[in-house]
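What follows is one structure encoded as structure tokens, with my remarks underneath.
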Amino acid sequence: MTEFPENLEDIKALYLRGTAIKEVSSSIQFLTRLCVLDMSGCSKLESLPEITVPMESLQHLYLSKTGIKEIPSSFKHMISLITLKLDGTPIKELPLSVKDMVCLEYLTLHGTPIKALPELPPSLRFLTTHDCASLETVISIINISSLWFRRDFTNCFKLDQKLLVAAMHLKIQSGQETPHGTIQIVLPGSQIPEWFGEKGIGSSLTIQLPSNCHQLKGIAFCLVFLLPLPSQDMPCEVDDDSYVHVYFDYLVKSKNGENDGGDEVVFASQERRALLYLLETCDSDHMFLHYELGLVNHLRKYSGNEVTFKFYHEVYNQGRKLGHEIRKPFKLKNCGVYLHFDENLLADTDLP
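Sequence positions in the sequence shown follow the UniProt record's numbering and run 1 to 352.
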């Protein structure tokens, strides 16, 4: 198929992925029942028509791996659009009017040469930006709380990492709510931020908890790593559908050096104790910064004791664990721990 089809007045979903279509008919804006338009992989498609009337029905637009170089500012008339996929396109910028797409929740930009993110709509819940080698400025996302969860800037080498790390620290200190009580960022870098008071080399770190743990509000980890892992650490079945799942456990020792009530081991569930899963390989050292509230209710009981954090990895393929080794240490160059205290917390206060 080389031409956009006509006579589609009653169609609700149009799937044209991988076709040789070069342009989208301007009549698309008059398809009042169209909810889904999928043109993923249409490599000859380089431009889109102007939209002059509100499109109330279109909710999902898939343009991944097309030749689209520019999004018309008139796309703001797609007033019901929830999903916009632009990953793998040669697009270098988004129109300023993207902030007016008030229903937009999912935006994929990974693998594009985009240089900066303009102001984005506060409705946005999911944004992909990994492998954007030209991306320099993302300040627009700082005030959108939902975008602090699993923020992935893998292989974004021009990014101002200091600005992002400082913004994360400020957000932690402010006490503002974030989804799941968690903040996560992956970005290029090898230097653990100065505000991480406890630092170590390798895949584990032991710290002495202070005497005021009743005022502990949150805990942050910083891991410096390089993917892919050495070949001896990866099962032979690994392929492009594989990913690395990183988690941790910890052991508390009492003041006299003996275990306090046995090993305090926490197996990380994906939404709580699991730190991250990595889908992309890294071309140089990267940092993963993770902040959470969920662990501290337990740690607050151990003021003055010693705690050791150990980081592990498992390799999965389509949800199936590969290899047989349990708790294989994650190959880290170094790691850090930051304890966040709130002087206003009382000793018997439980956190969410």
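All C-beta atoms in this analysis are idealised placements derived from N, C-alpha and C, irrespective of residue type, glycine included.
Examine chain C for any beta-carbon lying closer than 8 Å to the beta-carbon of L96, and answer yes or no.
-> No chain C is part of this structure, which consists of one protein chain only.
To the nearest angstrom, how far is it from the Cα of K301 to the Cα of N344?
-> 17 Å
In three-state DSSP terms, what is L16?
-> coil
Selection from K12, M55, S26 that minimises the alpha carbon distance to D38 = K12
Just checking my contact of Y62 with S40 at CB under 8 Å: how many whole Å lie between their CB atoms?
-> 5 Å
Is any heavy atom in the ligand SAM found nearer than 7 Å to the beta carbon of K65?
-> With respect to the ligand SAM, the structure shown offers nothing to examine, as it has no ligands at all.
Please report how far the alpha carbon of I142 lies from the alpha carbon of Q161, in whole angstroms.
-> 13 Å
Beta bridge counterpart(s) of V186 as assigned by DSSP | D152, F288
Determine the closest residue to I207 out of T108, G304, E105, T2, with distance taken between C-alpha atoms.
-> G304
Check whether the stretch 98-115 touches the stretch 66-86, taking contact to mean three or more Cβ pairs, one atom from each stretch, closer than 8 Å.
-> yes
Measure the CB-CB distance between V224 and F330 and report whether it falls below 8 Å.
-> no
Measure from the alpha carbon of N155 to the alpha carbon of each residue in E292, L226, F196, then state which is nearest.
-> L226
Compute the Euclidean distance between the alpha carbons of residue 354 and S254, then round it to the nearest angstrom.
-> This structure cannot settle anything about residue 354, because the visible part of the chain is limited to 1 through 352.
Contact set for F126: own chain, Cβ-Cβ below 6 Å, skip 5 residues either direction | Y106
Does DSSP classify I28 as helix, strand or coil?
-> helix
Considering only C-alpha positions, which residue in the set L187, L164, S123, G175 is nearest to A133?
-> L187
Ends of the alpha helix (DSSP H) at V337?
-> Counting along the chain, V337 falls outside any alpha helix (DSSP H), though it belongs to the beta strand (DSSP E) covering 332-341.
Since L299 is in the alpha helix (DSSP H), which residue starts that stretch and which ends it?
-> 296-299
Can you give the Cα-Cα distance for V24 and S64, rounded to whole angstroms?
-> 15 Å
Can you round the beta-carbon distance between F196 and F248 to whole angstroms, since I take them to be within the 8 Å contact cut?
-> In fact, because the Cβ distance is near 15 Å, the residues do not count as touching under 8 Å.
Given N334 as reference, the closest of G294, F221, E9, P54 once Cα atoms are compared = F221
Determine the burial state of H298: buried for a count of at least 16 other Cβ atoms within 10 Å of its Cβ, exposed for fewer.
-> exposed
With 16 other Cβ atoms within 10 Å as the buried cut-off, status of F30 | exposed
What number of angstroms, rounded off, separates the C-alpha of S146 from the C-alpha of I183?
-> 9 Å
Quick one: is K321 buried, meaning 16 or more other Cβ sit within 10 Å of its Cβ, or exposed?
-> exposed
Where the alpha helix (DSSP H) through K162 begins and ends | 161-174
E314 classed as buried or exposed, judged by whether at least 16 other C-beta atoms fall within 10 angstroms = buried
Going straight from the alpha carbon of E292 to that of N212, what length do you get?
-> 19 Å
Whole-angstrom C-beta distance between C42 and L16, which should lie under 8 Å | 7 Å
Compute the Euclidean distance between the alpha carbons of T178 and L170, then round it to the nearest angstrom.
-> 13 Å
CB of I114 within 8 Å of CB of M78, strictly = no
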